[in-house]
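Chemist: Taken in order, these protein sequences are the chains called A and B.
Note that the first sequence covers residues 1490 to 1622 in this note's numbering.
Note that the second sequence covers residues 961 to 1075 in this note's numbering.
All residues carry an ideal CB built from backbone N, CA and C; glycine is no exception.
Owing to the predicted nature of the structure, the values given are computational and were not obtained by experimental measurement.
Before we start, here is the structure in question, set down as structure tokens.
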Amino acid sequence: MSEMRIRKRPKYLDFYSIMFSIKLPLPGKLSILHRVSGVGIFLLLAPLLWLFQASVTSPESFAWFARIAAHPCMKLLFAGIIWAFLHHFCAGIRFLFLDLGVGVDLAAARRSAVIVFVVSLALTALICWRVLL
Amino acid sequence: MNNRIVVGAHYGLKDWLAQRATAAVMSFYSVFIVAILLVLKPADFEIWRSIFANGPVKFFTFLFALSLFYHAWIGIRDLWMDYVKPVSVRLTLHVLTILLLAGYSGWIAAILWRL
Chain A
1490 MSEMRIRKRP KYLDFYSIMF SIKLPLPGKL SILHRVSGVG IFLLLAPLLW
1540 LFQASVTSPE SFAWFARIAA HPCMKLLFAG IIWAFLHHFC AGIRFLFLDL
1590 GVGVDLAAAR RSAVIVFVVS LALTALICWR VLL
Chain B
961 MNNRIVVGAH YGLKDWLAQR ATAAVMSFYS VFIVAILLVL KPADFEIWRS
1011 IFANGPVKFF TFLFALSLFY HAWIGIRDLW MDYVKPVSVR LTLHVLTILL
1061 LAGYSGWIAA ILWRL
């Protein structure tokens, strides 16, 4: 009896199921987007280091950086990175509170998930508007 | 009969803690650098470069980068552990991730200390 139960748990879902086929509550969406945003930032570390290097090395490389950064496609990419950073940041702070045992019950956890989405999306909009537009 | 798979050396707890400690370092730095940028409003190359050429800023930027790379190592290792089942492929990905992040650490040091 207990053997059977052990074999069935934990249940591993593939990424597609997590995102689209099961009905995930908001804290679950927050969690998988925390992973997605983290992986996105990891994959973009090399281009970001390269751009940072160009921006601080010389006036010529800075001019090249400024020209690249002004391209609409790059602005879209930067907007994505800003969102990824802010979502990862806000969701991460929420996880730190959960680690400390703060806001663990269902109602509080759902409320804090809403707060994370509202704050991270609002800050993304604000920064994109002030810096990219 | 206990079928728990035992792993040694407490590396799970150590990495769990390190991921949170590096997160704290990065969040403090983020607030600090945003404050600097909001105050100085760098509009040209000289001001932008001088921010990172400043000793303490350079030091904390480097600490931020190291925290980021260590944090990324734990996160990406968890990703490989969750999704990549064949041990040979997983260990290869672990090694490649470490090499990549070690390289990035050297790269950011070179960028900052050439300023």
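Hey, is the region 1571 to 1591 of chain A in contact with the region 1514 to 1523 of chain A, meaning 3+ C-beta pairs nearer than 8 Å?
Modeler: These segments touch.
Chemist: Please list the partners that A1544/A has in chain B, where partner means a Cβ-to-Cβ separation under 7 Å.
Modeler: For this step, residue 1544/A is matched to residue 55 along the first sequence. This sequence places Ser at residue 1544/A; Ala is not what is there. Near S1544/A (Cβ distances below 7 Å), the residues of chain B are W1008.
Chemist: Check each residue of the region 1581 to 1593 of chain A: if its Cβ is closer than 8 Å to any Cβ of chain B, include it; give the result in chain order.
Modeler: For the region 1581 to 1593 of chain A, which is checked against every Cβ of chain B, the residues closer than 8 Å are G1581, I1582, L1585 and D1588.
Chemist: Rank G1529/A, G1527/A, A1555/A and V1528/A by C-alpha distance to the C-alpha of L1540/A and give the top, closest one.
Modeler: Taking the first residue of the first sequence as 1, we reach residue 1540/A at position 51. Considering only alpha carbons, the answer is A1555/A.
Chemist: Could you give the distance in angstroms between the alpha-carbon of A1535/A and the alpha-carbon of A983/B?
Modeler: Within the first sequence, the letter at position 46 stands for residue 1535/A. Within the second sequence, the letter at position 23 stands for residue 983/B. Computed Cα separation, rounded: 20 Å.
Chemist: Could you round the C-beta distance between C1617/A and A1568/A to whole angstroms and report it? I think they count as a contact, below 8 Å.
Modeler: The residue given as residue 1617/A occupies position 128 in the first sequence. The residue given as residue 1568/A occupies position 79 in the first sequence. Their Cβ separation, rounded to whole angstroms, is 5 Å, which keeps C1617/A and A1568/A in contact under 8 Å.
Chemist: Using a beta-carbon distance cut-off of less than 7 Å, what residues from the region 1027 to 1038 of chain B approach chain A?
Modeler: Within the region 1027 to 1038 of chain B, the qualifying residues are A1032, G1035 and I1036.
Chemist: Would you list, in chain order, the members of the region 1055 to 1074 of chain B that have their beta-carbon closer than 7 Å to a beta-carbon of chain A?
Modeler: Correct list: Y1064, W1067, I1068 and I1071.
Chemist: Mind reading off the beta-carbon distance from I1530/A to I1570/A? Whole number of angstroms is fine, and I expect it under 8 Å.
Modeler: Counting from 1 along the first sequence, the entry for residue 1530/A is found at position 41. Counting from 1 along the first sequence, the entry for residue 1570/A is found at position 81. Contact flag correct, Cβ pair sits at about 7 Å.
Chemist: Quick check: the region 989 to 996 of chain B against the region 1018 to 1038 of chain B, are at least 3 beta-carbon pairs closer than 8 Å?
Modeler: With a cut-off of 8 Å, the region 989 to 996 of chain B and the region 1018 to 1038 of chain B count as touching, because enough Cβ pairs lie within range.
Chemist: Can you list, in chain order, the residues of its chain with a C-beta nearer than 6 Å to that of T1613/A? Leave out the 5 residues immediately preceding and following it.
Modeler: Residue 1613/A sits at position 124 when you count from the first residue of the first sequence. For T1613/A, where only same-chain residues beyond five positions count, the Cβ hits under 6 Å are I1571, W1572 and L1575.
Chemist: Is there at least one Cβ from chain A nearer than 9 Å to S1048/B's Cβ?
Modeler: Locating residue 1048/B in the second sequence gives position 88, where the first residue counts as 1. Chain A, which has no Cβ nearer than 9 Å to the Cβ of S1048/B, makes this no.
Chemist: Looking at L1538/A and W1073/B, is the spacing between their C-beta atoms short of 9 Å?
Modeler: Locating residue 1073/B in the second sequence gives position 113, where the first residue counts as 1. Locating residue 1538/A in the first sequence gives position 49, where the first residue counts as 1. Result no, Cβ atoms of W1073/B and L1538/A do not sit closer than 9 Å.
Chemist: Taking a cut of 9 Å between CB atoms, which residues from the region 1513 to 1535 of chain A lie near chain B?
Modeler: Correct list: R1524, G1527, V1528, I1530, F1531, L1534 and A1535.
Chemist: Could you confirm whether any beta carbon from chain A is found closer than 9 Å to the beta carbon of F1019/B?
Modeler: If you number the second sequence from 1, residue 1019/B lands on position 59. Taking Cβ atoms only, chain A never reaches closer than 9 Å to F1019/B, which makes this a no.
Chemist: Would you mind giving the Cβ-Cβ distance between I1034/B and Q979/B, rounded to the nearest angstrom? I have them listed as a contact below 8 Å.
Modeler: Locating residue 1034/B in the second sequence gives position 74, where the first residue counts as 1. Locating residue 979/B in the second sequence gives position 19, where the first residue counts as 1. So it is a contact: roughly 5 Å between Cβ atoms.
Chemist: Can you give me the C-alpha to C-alpha distance between C1562/A and W1553/A, rounded to a whole angstrom?
Modeler: The sequence position of residue 1562/A within the first sequence is 73, counting from 1. The sequence position of residue 1553/A within the first sequence is 64, counting from 1. Roughly 15 Å separates the two Cα atoms.
Chemist: So with Cβ pairs under 9 Å, would you call P1561/A a contact of chain B?
Modeler: Translated into positions along the first sequence, residue 1561/A becomes position 72. Not closer than 9 Å to any Cβ of chain B, the Cβ of P1561/A fails to qualify, so no.
Chemist: Does any CB atom of chain A fall closer than 9 Å to the CB of A978/B?
Modeler: Residue numbering aside, residue 978/B sits at position 18 when the second sequence is read from its first letter. By this cut-off, A978/B is not an interface position.
Chemist: Within this structure, are the beta carbons of V1545/A and A1013/B separated by less than 9 Å?
Modeler: The count along the first sequence starts at 1 and reaches residue 1545/A at position 56. The count along the second sequence starts at 1 and reaches residue 1013/B at position 53. It is a contact, given that the beta carbons lie within the stated cut-off.
Chemist: Determine the chain B residues that contact P1548/A at a beta-carbon separation under 7 Å, and present them in chain order.
Modeler: On the first sequence, residue 1548/A is found 59 positions in, with the first residue counted as 1. Result: F1005.
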